[in-house]
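A.B. asks: Pasting in a structure now, in structure tokens, and then I'll have a few things to ask.
Residue numbers (the numbering used here), protein chains in the order written: chain A, 1 to 291; chain B, 292 to 598; chain C, 599 to 1254.
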């Protein structure tokens, strides 16, 4: 009897590992940037392209911001993710991921800036006028939507930036930070220039009503970081495929769908500017509570 | 002789009692309040204000003398005149029009206002007046309306006698060309005018300005087939969008200023408070009933969604 | 008989094949209906997928954010499925109503996606996330109810289609049964018909003989089949027809005589339009049983067709024929009068009957009757023509006399109109001279006094003279003003007027004069409705009439003002006095402008202005007067002024 059980369990084990091996896939996380359905639509052709070129099933998954991104990366056993400037640094430090490539925006940049802005009719002209007002940040885990502003206020001699304001809150998205100021819910907003410019392009009235008070230096934008557990040769292949996509017509179609000119190589060194910012803001990345 | 003594005693007693009463009265400060009637928004602020004041010690030193005139210029002026005649220490005004009426009546009167409309108050600023003000971001409301439905003609309900509503009309006219809307001006001077004004009008959406008259008129507007946006709240009506300064925050800021004054600060020493405290209310039920497109912006940005 | 048998059998076969065809058609139709039912079921499956997907997402919504995991991916996946279901549905339906519904569903899916995305991506405080979750759930539920509602309509359609398919199957059964049974009955009917045919043929002939015997001449046996019975029936028919022919000839003669009498009737009924030619021609045609009849009348040296067909015959030709036939009616056959060559008659190729119209032996017209319908004109026709000729000649004379009378009447009328015109001019002249006279009086004074004052040295006298000049100028001005007033048509300013109040108002104005002239006033006001009128104009009228009355009672008297109702739409106002009255000879002239009996006191315009005002109100003014007894003016006014706006002066104030 026991013997029979053993045989059965061995058989089951064999089957499951066999099927597991056959279904091994690459799972890459996406930090939400816009309407996630649209975002998934944009990335879908890329997953198909990678699947066909790699000969391995490649899938994207939305990496919701709930909870701990780092924990989520581990529990979902991700092979990599498209991170923002701050989350990249966080993942590099905590997970040892490696920045590989980043998409080049249609305007030829692959970086983003953070803006501090107010309503033009608000009587706020500089940092002095901001005292006792309400400020809207994006998220604790964004460089352009929070960290840079913190560094900016400290640089201008405000020791406890959050106490400088009557009220501060996090909107959860760059759009929302902009709209909070436009709608008069907050006096001051902090957000990423890319999103702001897109909005301005669609609605020129917004541009007329917003006064930009400060800008950050250029920070690296969305970057694909791959897990250190991933096989080195596989990593190289992925990098290679992505960097050379613009050279074949099918790849160009996928890039166009993605809204990128092509992919460019990324490295840890690109993020020194973010480390710099963290230092100015007195943030110790290993212990930083971004939740 | 005994009778005389008795009389003297009574006399002394009476004078003593009256003295105590009088000395007690001297300690108290009188605040005249002009609270335009029928505008639920002001009543809401007032409720919050009283709650906030009750929680403080200074509240015991205050007598409130409340006037509730109908929000038209003559009634407001009369209310201001009455309070001035009562020789109140401060006049606390709700809304732009009450403030302007009081300052016109007596420019050196110490006035503290709440829910004042910044551009409209600019011309009437005096040394002895300060308060809580706001400026509605007009473009937001037109943008949201436009994102729900293609709007070609936008009706603006305003009262030319209320300067805040005139400023808002101007602002709407300024931003509408960008959204390719045509503004149709709908003047109402009495709340009952609204029915007549809207009788032969064909507009895609309506904006009710912060005019008290428009706000009262809005309460007649329970079931309507076009989207209505309001720049003041009106719970008994069902505007699809309302955008207005938070009554709670307005009340808190006003209470803070009044307390500072009671503690001995002069109005000119206290800065006007025009910080952002807007609330955006979206009526999802109404929007669905009208079959409007529900923009994601509104859902995420709304401070409250009514189902 | 044989042929008919074959045809009947062929028809029977045709009936059979039609039945089979219809049955096949029904079977085909039923199959297509069943296919539709199947495809509808397929759609229903898609819709159910939609519902399941939405429900799954809704379920996830309650759990999202509570734990880590793949729920976001699941949601995204399900929503994508949802989207696909909607798109696949949209790609096949085409009814307008349904497309619109689907568009709404797909629109709702978009909104749902937006809300979900917002919920999933937002990291703000719990309160806000809860709010977003609630919104997403609400939208999801709306989507669900929309899809469920569609399910209901789809179900209904499915049911209807199924019922229809079953019905069609049933129908095809019935048709098959009907075809078979009707073929059987058709065969039976054919057999019966053939048996009946033979008995019927004999019956027809027997019946015809019976009818002939009963005196119905010309009866024929209507036997249309080509068989043995036909010869017999034809012999019978010949006999019957001959009998009828003789009988008819007799009747024809009698009819002609009565027609002659009828033909002469129109000739006596001369009206203002002249001869009733058309009626006459019609009867003549009937009389001679002819297709055509024409009447030619002499006009200068030609004869003209009165029917206006533009046919003209030279006088010479007809005169020649007239003499040729010795002034007697004749039958003209082409070529029958070889000695006479005429362009008109030579071209005729049908015989015609010539009937002469004479005016005391002088030829004045010709009537031609042509194209006799059956046969030729004969002596009977000629004798009737002779009678007719005399009668026409007499009636033609009558026509001429009638026309003469009409001409005389017309001349008389013209003369009368000229006389009236002359009278009008005279009246105008008189009016002008009246105006001139009126103006002349003050002007003479003005000229006189201005000449005097030129020679005067005393300044006081000059002042006095100037005063007189001023007065006289004012009087002239007054005359001119009144004249203008009369000439001007004032716009009527209609409002609601209480006539009794108005009268007392006017009395107040005149009270001083009335007292001064020692006149008693009696007011007899009835219950009259408020009328629509021009207040001021009516006031002027009443003031005028009362003034006239005062002048008529210089030695005192009584003035009676009376109001009352004429009928539902009109009221009357009487102004009556006991004054000297108006002499009957001037009574008709009192409403003329500048007619006055008051010498210096009046301008003669008051009554004529009043008259125009009342006329302007669509009312009437009547006068009744007896010398030395008094005068009564009665004004009748309509209560409503048609097509005129009444100005309201109600206050528009409304309390809040």
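Quick reminder that beta carbons are idealized off the backbone N, C-alpha and C, glycines included.
Predicted, not measured: the structure shown is a model, and the values here were computed from it.
Counting only runs that start and end within the region 672-752 of chain C, where is the alpha helix (DSSP H) found for 4 or more residues in a row?
C.D. replies: You should have 694-719.
A.B. asks: Three-state secondary structure (DSSP) at residue 458 of chain B?
C.D. replies: Counting from 1 along the second chain, the entry for residue 458 of chain B is found at position 167. If DSSP states are grouped into helix, strand and coil, residue 458 of chain B belongs with the helices.
A.B. asks: According to the Cβ coordinates, are residue 325 of chain B and residue 393 of chain B closer than 9 Å?
C.D. replies: Residue mapping note: residue 325 of chain B aligns to position 34 of the second chain, counting from 1. Residue mapping note: residue 393 of chain B aligns to position 102 of the second chain, counting from 1. In contact: residue 325 of chain B and residue 393 of chain B (Cβ atoms closer than 9 Å).
A.B. asks: Any Cβ of chain A within less than 9 Å of the Cβ of residue 434 of chain B?
C.D. replies: One-based indexing of the second chain puts residue 434 of chain B at position 143. Yes, residue 434 of chain B lies at the interface with chain A (some Cβ there is under 9 Å from its Cβ).
A.B. asks: For a contact defined as C-beta to C-beta under 9 Å, what are the partners of residue 736 of chain C on chain B?
C.D. replies: Locating residue 736 of chain C in the third chain gives position 138, where the first residue counts as 1. Those within 9 Å of residue 736 of chain C in chain B are 575, 576, 579, 596, 598.
A.B. asks: Grouping DSSP H, G and I as helix and E and B as strand, with all else coil, what is residue 574 of chain B?
C.D. replies: Within the second chain, residue 574 of chain B is the residue found at index 283, counting from 1. Correct three-state label for residue 574 of chain B: strand.
A.B. asks: Are at least three pairs of beta-carbons, each pair with one atom in the region 53-62 of chain A and one in the region 108-119 of chain A, less than 8 Å apart?
C.D. replies: Contact fails: fewer than three Cβ-Cβ distances are below 8 Å.
A.B. asks: Can you tell me whether DSSP reads residue 481 of chain B as helix, strand or coil?
C.D. replies: Here the question's residue 481 of chain B lines up with position 190 in the second chain. Reduced to three states, the DSSP call for residue 481 of chain B is coil.
A.B. asks: Can you tell me the Cβ-Cβ gap for residue 187 of chain A and residue 534 of chain B, rounded? I've got them flagged as a contact below 8 Å.
C.D. replies: Start at 1 with the first residue of the first chain, and residue 187 of chain A comes out as number 187. Start at 1 with the first residue of the second chain, and residue 534 of chain B comes out as number 243. Actually they do not touch by this definition, with Cβ atoms about 16 Å apart.
A.B. asks: Identify the contact partners of residue 62 of chain A in chain C, using a Cβ-Cβ distance below 8 Å as the criterion.
C.D. replies: What you label residue 62 of chain A is simply residue 62 of the first chain in a count that begins at 1. Neighbours of residue 62 of chain A on chain C, chain order: 670, 671, 674, 718.
A.B. asks: Using the beta-carbon count (16 or more within 10 Å), is residue 1121 of chain C buried or exposed?
C.D. replies: One-based indexing of the third chain puts residue 1121 of chain C at position 523. With fewer than 16 other Cβ atoms within 10 Å, it is exposed.
A.B. asks: Anything in chain B within Cβ reach of residue 732 of chain C, meaning under 8 Å, just list it in chain order.
C.D. replies: Within the third chain, numbered from 1, the residue matching residue 732 of chain C stands at position 134. Chain B residues near residue 732 of chain C: 596, 598.
A.B. asks: Got a sec? Which residues, its chain only, sit under 7 Å from residue 335 of chain B by beta carbon, not counting five neighbours each side?
C.D. replies: Here residue 335 of chain B refers to the residue found at position 44 when the second chain is read from its first residue. Here the set comprises 538.
A.B. asks: Any beta-carbon of chain A closer than 9 Å to the one on residue 505 of chain B?
C.D. replies: Translated into positions along the second chain, residue 505 of chain B becomes position 214. Output row for residue 505 of chain B: interface = no.
A.B. asks: Short of 7 Å in beta carbon distance, which residues of its chain neighbour residue 578 of chain B, apart from the five on each side in sequence? Order them along the chain.
C.D. replies: Within the second chain, residue 578 of chain B is the residue found at index 287, counting from 1. Correct list, in chain order: 439, 531, 585.
A.B. asks: Tell me residue 1061 of chain C's beta-bridge partners as DSSP assigns them.
C.D. replies: Numbered from 1 along the third chain, position 463 holds the residue referred to as residue 1061 of chain C. Paired residues: none, contrary to the question.
A.B. asks: I'd like to know whether the C-beta of residue 366 of chain B is nearer than 9 Å to at least one C-beta of chain C.
C.D. replies: Position 75 of the second chain, counted from the first residue, corresponds to residue 366 of chain B. No, because no Cβ of chain C sits closer than 9 Å to the Cβ of residue 366 of chain B.
A.B. asks: State the start and end residues of the unbroken alpha helix (DSSP H) segment that holds residue 1179 of chain C.
C.D. replies: Taking the third chain and counting its residues from 1, the one referred to as residue 1179 of chain C is at position 581. It is not in any alpha helix (DSSP H) - residue 1179 of chain C carries neither H nor E in the DSSP assignment.
A.B. asks: Can you find the residues in the same chain that come closer than 6 Å, C-beta to C-beta, to residue 636 of chain C, ignoring five residues on each side of it along the sequence?
C.D. replies: On the third chain, position 38 is the one that residue 636 of chain C refers to. Hits under 6 Å: none found.
A.B. asks: With a threshold of 16 other CB atoms inside 10 Å of the CB of residue 909 of chain C, please say whether the residue is buried or exposed.
C.D. replies: Counting from 1 along the third chain, the entry for residue 909 of chain C is found at position 311. When all chains shown are included, residue 909 of chain C counts as exposed.
A.B. asks: Sorted by chain position, which residues of the same chain lie with C-beta nearer than 8 Å to residue 302 of chain A's C-beta, five sequence neighbours on each side aside?
C.D. replies: Residue 302 of chain A cannot be examined here, being either before or after the span of chain A that is shown, 1 to 291.
A.B. asks: Which runs of the beta strand (DSSP E) fall wholly inside the region 381-424 of chain B and span at least 3 residues, in chain order?
C.D. replies: Listed in chain order, the complete beta strand (DSSP E) runs (minimum 3 residues) inside the region 381-424 of chain B are 381-385, 402-408.
A.B. asks: As a quick exercise: from B:576, B:485, B:500, B:536, pick the residue whose alpha carbon is nearest that of residue 511 of chain B.
C.D. replies: The residue labelled residue 511 of chain B in the question sits at position 220 within the second chain. Per the Cα distances, B:485.
A.B. asks: Helix, strand or coil for residue 19 of chain A per DSSP?
C.D. replies: The count along the first chain starts at 1 and reaches residue 19 of chain A at position 19. In this predicted model, residue 19 of chain A has a pLDDT of only 42, less than 50, meaning its place in the structure is not dependable; the value taken from the coordinates is given anyway. Looking at residue 19 of chain A - three-state DSSP - the assignment turns out to be helix.
A.B. asks: Compare the C-beta of residue 117 of chain A against all C-beta atoms of chain C and say whether one is closer than 9 Å.
C.D. replies: Along the first chain, one-based indexing puts residue 117 of chain A at 117. Chain C contact via Cβ: absent.
A.B. asks: Just the Cα atoms here: how many angstroms apart are residue 1152 of chain C and residue 1003 of chain C?
C.D. replies: One-based indexing of the third chain puts residue 1152 of chain C at position 554. One-based indexing of the third chain puts residue 1003 of chain C at position 405. Taking the straight line from one Cα to the other gives about 60 Å.
A.B. asks: From which residue to which residue does the alpha helix (DSSP H) around residue 53 of chain A run?
C.D. replies: The count along the first chain starts at 1 and reaches residue 53 of chain A at position 53. That run of the alpha helix (DSSP H) goes 36-54.
A.B. asks: DSSP three-state label for residue 487 of chain B, please.
C.D. replies: Within the second chain, the letter at position 196 stands for residue 487 of chain B. Of the three classes helix, strand and coil, the one that applies to residue 487 of chain B here is helix, per DSSP.
A.B. asks: Please report the distance separating the alpha-carbon of residue 590 of chain B from that of residue 71 of chain A.
C.D. replies: For this step, residue 590 of chain B is matched to residue 299 along the second chain. For this step, residue 71 of chain A is matched to residue 71 along the first chain. If you take the alpha carbons of residue 590 of chain B and residue 71 of chain A, they lie about 29 Å apart.
A.B. asks: Can you give me the C-alpha to C-alpha distance between residue 961 of chain C and residue 928 of chain C, rounded to a whole angstrom?
C.D. replies: Here residue 961 of chain C refers to the residue found at position 363 when the third chain is read from its first residue. Here residue 928 of chain C refers to the residue found at position 330 when the third chain is read from its first residue. Using only the alpha carbons, I get a separation of about 15 Å.
A.B. asks: If the cut is a Cβ gap below 8 Å, which residues of chain B does residue 705 of chain C touch?
C.D. replies: Looking up residue 705 of chain C in the third chain gives position 107. Simply 584.
A.B. asks: Identify the contact partners of residue 163 of chain A in chain B, using a Cβ-Cβ distance below 8 Å as the criterion.
C.D. replies: Within the first chain, the letter at position 163 stands for residue 163 of chain A. Within 8 Å Cβ-Cβ: nothing; residue 163 of chain A doesn't reach chain B, min ~16 Å.
A.B. asks: Does the Cβ-Cβ distance between residue 914 of chain C and residue 959 of chain C come in under 9 Å?
C.D. replies: If you number the third chain from 1, residue 914 of chain C lands on position 316. If you number the third chain from 1, residue 959 of chain C lands on position 361. Going by C-beta atoms, residue 914 of chain C is not nearer than 9 Å to residue 959 of chain C.
A.B. asks: Given that residue 426 of chain B touches chain A, what residues does it touch there, using C-beta distances under 9 Å?
C.D. replies: Counting from 1 along the second chain, the entry for residue 426 of chain B is found at position 135. By Cβ distance, chain A contributes 119, 121, 122, 184.
A.B. asks: Could you spell out where the beta strand (DSSP E) holding residue 1162 of chain C opens and where it closes?
C.D. replies: Working through the third chain from its first residue, we reach residue 1162 of chain C at position 564. Residues 1155-1165.
A.B. asks: Within the 9 Å Cβ cut-off, does residue 593 of chain B reach chain C?
C.D. replies: As a working note, residue 593 of chain B is residue 302 in the second chain. Yes, residue 593 of chain B lies at the interface with chain C (some Cβ there is under 9 Å from its Cβ).
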